[in-house]
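Asks: Before I ask anything, here is the structure I am working with.
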Amino acid sequence: MSGNSPDEYLNKNRGKLFHPPDSFTKTTRLNDDSLYRKAKQDRLSFWSEMAENLHWVEKWDQLLDDANPPYYKWFVNGKLNISENCLDVHINNGLGDKKALVFEGENGDSVSLTYSQLLKEVCKFSSALNKLGVKKGDAVTIWMPMIPESIVAMLACTRIGAVHSVVFGGFSPDALKDRILDSESKVVVTADGSYRRGKVIPLRSAAEEALDECPSVENVVIVKRTGNDFKLKEGRDLLWSELMETAEDPFDPVVMDAEDPLFILYSSGTTGKPKGILHTTGGYLVGVKTTFQYVFDHREDDIYWCTADIGWITGHSYIVYGPLSNGSSTFIYEGTPDYPERDRFWELIEKYRITVFYTAPTAIRSFMRWGNHYVDKHDISSLRLLGSVGEPINPEAWLWYYEQIGKSNCPIVDTWWQTETGMTILTPLPGVTPLKPGSVTMPFPGVEVDVVDDDGKSTGPGQKGFLVIKSPWPAMLRNLYGDPERFEKTYWEQYPGLYFTGDGAWKDNDGYFWIMGRVDDVLNISGHRIGTMEVESALVEHPSAAEAAVIGKADEIKGQSITAFVTLKEGVEGNDELVQELKKHVSKKIGAIARPQEIFFTYELPKTRSGKIMRRLLRDIAEQRDLGDVTTLMDPQVIASIKEGYGAKH
Ligand code: WTA
């Protein structure tokens with residue numbers, strides 16, 4: 006565990022409270038504790054009232070069915086359509102000409118779509134999918150760059166009731182294949198490539214073999230983004246532009262049940278196989294619409310920018326569904342913050358007059374290191390609210406963000422949540438909650454959270470424990486696709502009746518929550534979740550590797566970086582060339598984000614007498630800490646040898 010520990014906090018005495026700045030509270034949507042009070046009085050009627058803000062084709066007849074835990078149902082028998090709530094509803098309210106989506110490509114090309122224009126595109130792609138035979142309940146995989154078509158494809162799926170599975174564009178074709186096979190997708194939507202740091206990253210051509218090995222895939226739809234060459238496979242591959250030419254508009258939204266599946270999003274867990282986290286329609290939209298509205302203080306004239314990728318939950322909930330269901334203008338950018346120069350983000354904020362900016366601590370730490378002069382070149386005074394997500398933010402980075410980017414005029418909403426929770430769970434309300442740098446403050450109204458000890462008992466102030474959610478919430482995951490057993494075991498068996506988050510945390514005397522990071526074998530690399538076992542399985546698939554143990558080593562910028570300890574097969578010599586080859590192999594199997602920073606060869610891994618690999622010891626070696634008791638090891642000699650080998654390289 007890393008993150009903000011009680012000792013660190015107390016030592017640094019960062020107890021200072023940051024109240025919402027006057028300039029902010031003057032215009033905020035909420036500046037009193039009425040929402041907290043309302044939710045406290047009656048949690049369920051609070052959610053019922055929030056749900057009234059959606060357009061329902063038929064109202065629910067039961068708010069929450071908790072008869073069969075952990076299989077909770079929300080808004081039972083309610084009927085609605087997500088794309089209708091994100092598009093048609095606003096057009097009917099006179100917002101047809103308002104910008105829904107503003108896009109800038111890495112090369113500076115720019116497109117914006119009004120709500121009417123976005124609806125038209127979505128209808129056309131819905132009709133195209135319909136003609137390809139995609140029906141309600143079918144799975145569609147989306148493997149795309151950050152371009153408007155990606156969002157059109159997601160919304161079109163929701164319009165016809167197809168279940169989308171968005172796979173992060175940075176995942177490798179092999180990882181894409183695993184996810185297509187697991188979801189049994191009929192259609193894959195992708196692009197010829199994307200622009201990144203001045204280069205074209207190929208997508209469709211790179212996935213040639215992977216796609217051929219997916220028997221469920223009947224059609225692949227390809228957006229031409231870069232002009233990168235690829236071979237159209239006759240009878241299967243179709244060009245987005247051609248399909249859209251003959252597609253029909255309008256296209257009526259399909260009426261969905263509140264509990265109909267909305268999407269699957271694969272995320273890392275503690276085994277080698279990613280989990281297909283399943284979200285459903287009604288509760289998810291109620292959760293993300295409500296949290297977006299209050300956490301990001303939605304205002305009619307906002308230009309909102311969340312820098313995540315649509316391949317992650319943050320992109321789903323707070324680039325697409327949260328902003329659009331509120332009628333906001335959501336900005337997306339294709340490239341990275343350091344290309345062509347390290348002031349790219351500030352340049353974009355100035356150009357588009359961005360008002361709300363939501364990013365990750367790893368990015369903030371990079372900006373900090375690059376220096377204030379990149380920021381000072383630009384007028385970023387349009388900003389009024391900042392957000393942080395994905396990993397614990399250290400107080401230093403928090404203060405820098407507050408002072409240098411927010412100019413001490415913008416509250417920071419540090420939001421703790423997960424792919425599983427669908428919506429923010431621990432977060433300030435920016436016009437209400439006094440902030441403490443490094444703390445995610447308190448539960449969103451209507452959500453019940455606690456920190457518990459090994460026995461599931463609530464811990465006292467300053468006592469470290471495990472973060473749990475005590476009662477169901479609307480946007481909660483409903484299952485793991487095709488694996489209910491793993492769903493029950495991972496989240497619900499640790500502490501009966503409580504949802505186990507996998508994070509360590511503590512509360513302070515004021516009841517503020519402080520997140521310490523994962524307590525399981527999940528790594529957090531630059532805010533991206535990667536399972537140690539996933540990387541280990543990728544390593545041992547290489548013909549030279551016998552066994553592997555992967556750990557997350559504390560890293561100043563990325564939060565954690567990947568270190569792998571590998572034992573080789575008999576007769577194989579471990580040299581620098583093999584290190585490079587193994588790193589490349591992991592990139593191929595998973596994607597560049599999972600590429601180990603360092604790989605060490607060892608003749609044996611430290612194991613308990615029952616054969617369990619002691620990753621904790623490896624972490625201690627990598628972070629150069631005292632090892633403590635190693636007597637339970639099968640072969641204590643192993644540790645000495647690894648320590649010596651590792652030490653020699655550092
Ligand atoms: C971590 C991302 C500290 C946490 C939305 C969680 C955070 C995991 C924060 C989920 C935060 C997310 N402070 N840690 N504000 N937000 N995390 O599923 O360990 O990609 O369990 O969802 O990220 O990652 P996921």
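In this note's numbering, the protein residues as written are 6 to 655. All residues carry an ideal CB built from backbone N, CA and C; glycine is no exception.
1) Could you pull out every residue in the same chain whose Cβ sits closer than 7 angstroms to the Cβ of Thr341, ignoring the five residues on either side in sequence?
2) Please look up how many angstroms separate the CB atoms of Ser155 and Ile315, rounded, as I've assumed it's under 8 angstroms.
3) Bridge partners for Met261 per DSSP, in chain order?
4) Tell me the rounded alpha-carbon separation between Val545 and Gly596.
5) Residue range of the beta strand (DSSP E) that Glu126 falls in?
6) Taking 8 angstroms as the threshold (C-beta atoms), are Val172 and Thr146 in contact?
7) Is the beta carbon of Pro400 within less than 7 angstroms of some heavy atom of the ligand WTA?
8) Does the distance between the C-beta of Asp419 and the nearest non-hydrogen atom of the ligand WTA fall short of 7 angstroms?
9) Would you list the residues sitting across from Val205 in a DSSP beta bridge?
10) What separation, rounded to the nearest whole angstrom, lies between the Cα atoms of Asn18 and Thr420?
11) In angstroms with no decimal places, state the Cα-to-Cα distance between Ala180 and Ser330.
12) Just verifying my parser: in three-state terms, what is the DSSP assignment at Leu243?
13) Regarding Ser463 and the ligand WTA, is the C-beta to nearest heavy atom distance less than 7 angstroms?
14) For Lys594, tell me which candidate among Thr432, Pro279, Phe176 and Lys469 has the shortest Cα-Cα distance.
15) Which runs of the alpha helix (DSSP H) spanning at least 4 residues fall entirely within the stretch 359-422, listed in chain order?
16) Spell out the partners DSSP gives Gln565 in its beta bridges.
17) Can you tell me the Cα-Cα spacing of Ser387 and Cys415, whole angstroms?
18) Please confirm whether Ile87 and Leu124 have their CB atoms less than 8 angstroms apart.
19) How is His655 classed by DSSP in three states: helix, strand or coil?
20) On a Cα-Cα basis, can you pick out the residue from His378, Ile385, Glu339 and Asn399 that is closest to Ala365?
21) Spatial neighbours of Tyr41 within its chain, please: C-beta separation below 6 angstroms, excluding the five flanking residues on both sides.
22) Please tell me whether, using a cut-off of 7 angstroms, the distance from the CB of Glu253 to the nearest non-hydrogen atom of the ligand WTA is below it.
23) Using 8 angstroms as the Cβ pair cut-off and three pairs as the minimum, do the stretch 62-80 and the stretch 284-296 touch?
24) Would you mind listing the alpha helix (DSSP H) stretches within the stretch 160-234 that are 4+ residues and don't spill past its ends, in chain order?
25) If I follow the unbroken beta strand (DSSP E) through Val456, where does it start and stop?
26) Looking only at its chain, what residues have a beta carbon closer than 6 angstroms to the beta carbon of Thr432, apart from the 5 residues adjacent to it on each side?
27) Is the closest heavy atom of the ligand WTA to the C-beta of Ser531 under 7 angstroms?
28) Who are the near neighbours of Pro604 in its chain, counting only those whose CB is closer than 7 angstroms to its CB and skipping five residues on each side?
29) Is there contact between the stretch 523-538 and the stretch 273-287, where contact requires at least three CB pairs shorter than 8 angstroms?
30) Got a sec: does the ligand WTA put a non-hydrogen atom nearer than 7 angstroms to the Cβ of Glu264?
31) Taking 7 angstroms as the line, does the beta carbon of Thr424 fall inside it for any heavy atom of the ligand WTA?
32) Going by CA-CA distance only, name the one from Asn58, Phe23 and Val293 that's closest to Ile318.
33) Find the nearest neighbour of Gly101 within the set Gln499, Thr119, Trp497 and Gly113, judged by alpha-carbon distance.
34) Arg230 and Pro150 look like a contact to me (Cβ under 8 angstroms); what is the Cβ gap, rounded to whole Å?
35) Would you kindly report the start and end of the unbroken alpha helix (DSSP H) that includes Thr537?
36) Does the beta-carbon distance from Gly332 to Lys84 come in below 8 angstroms?
Replies: Let's see:
1) Cβ neighbours of Thr341 beyond the five flanking positions: Arg201 and Arg202.
2) Going by Cβ atoms, the distance from Ser155 to Ile315 rounds to 5 angstroms, so yes, they are a contact pair.
3) Per DSSP, Leu85.
4) Each residue's CA atom was taken as its position, placing Val545 and Gly596 some 16 angstroms apart.
5) Looking at the DSSP string, Glu126 is not in any beta strand (DSSP E); the run it does join, the alpha helix (DSSP H), is Tyr120 to Lys136.
6) Cβ distance < 8 angstroms, so Thr146 and Val172 count as in contact.
7) Here the distance from the Cβ of Pro400 to the nearest heavy atom of the ligand WTA is not below 7 angstroms.
8) Indeed, a heavy atom of the ligand WTA lies less than 7 angstroms from the Cβ.
9) The partner list for Val205 (beta bridge, DSSP) reads Tyr200.
10) Confidence at Asn18 is low in this model, with a pLDDT of 45, below 50, so the placement of that residue is unreliable and no value is reported for it.
11) In this structure, the CA atom of Ala180 is about 31 angstroms from the CA atom of Ser330.
12) The answer is strand: DSSP assigns Leu243 an E or B state.
13) Answer for Ser463: no, Cβ out of range of the ligand WTA.
14) Out of Thr432, Pro279, Phe176 and Lys469, Phe176 has the C-alpha closest to the C-alpha of Lys594.
15) You should have 366-375, 377-381 and 400-405.
16) DSSP output for Gln565 lists Ala559 as bridge partner(s).
17) Roughly 10 angstroms between the two C-alpha positions.
18) In this structure, Ile87 lies away from Leu124, with their beta-carbon atoms at least 8 angstroms apart.
19) In the structure shown, the three-state DSSP call for His655 is coil.
20) Comparing Cα-Cα distances from Ala365 to each of His378, Ile385, Glu339 and Asn399, the minimum goes to Asn399.
21) Contacts found: Pro450.
22) It does not: the Cβ of Glu253 is nowhere closer than 7 angstroms to a heavy atom of the ligand WTA.
23) Yes, the stretch 62-80 is in contact with the stretch 284-296.
24) Runs found: 178-188 and 213-217.
25) Boundaries of the beta strand (DSSP E) harbouring Val456: Val454 to Val457, taken from the DSSP string.
26) Annotation for Thr432: Val300, Val418, Thr420 and Phe449 place their beta carbon closer than 6 angstroms to its own, counting only its chain and skipping 5 residues before and after.
27) Taking non-hydrogen atoms of the ligand WTA into account, the C-beta of Ser531 is found less than 7 angstroms away from none of them.
28) It should be noted that the sequence gives Ile, not Pro, for residue 604. Contacts found: Ala569, Val571, Val584, Leu587 and Lys588.
29) Flag = yes, the stretch 523-538 and the stretch 273-287 touch.
30) No, Cβ of Glu264 sits at least 7 angstroms from all heavy atoms of the ligand WTA.
31) Correct: Thr424 has its Cβ closer than 7 angstroms to the ligand WTA.
32) Comparing Cα-Cα distances from Ile318 to each of Asn58, Phe23 and Val293, the minimum goes to Val293.
33) Nearest Cα to Gly101 within the set Gln499, Thr119, Trp497 and Gly113: Thr119.
34) The Cβ separation is near 6 angstroms, so the contact holds.
35) That run of the alpha helix (DSSP H) goes Thr537 to Val545.
36) No, they are not a contact pair.
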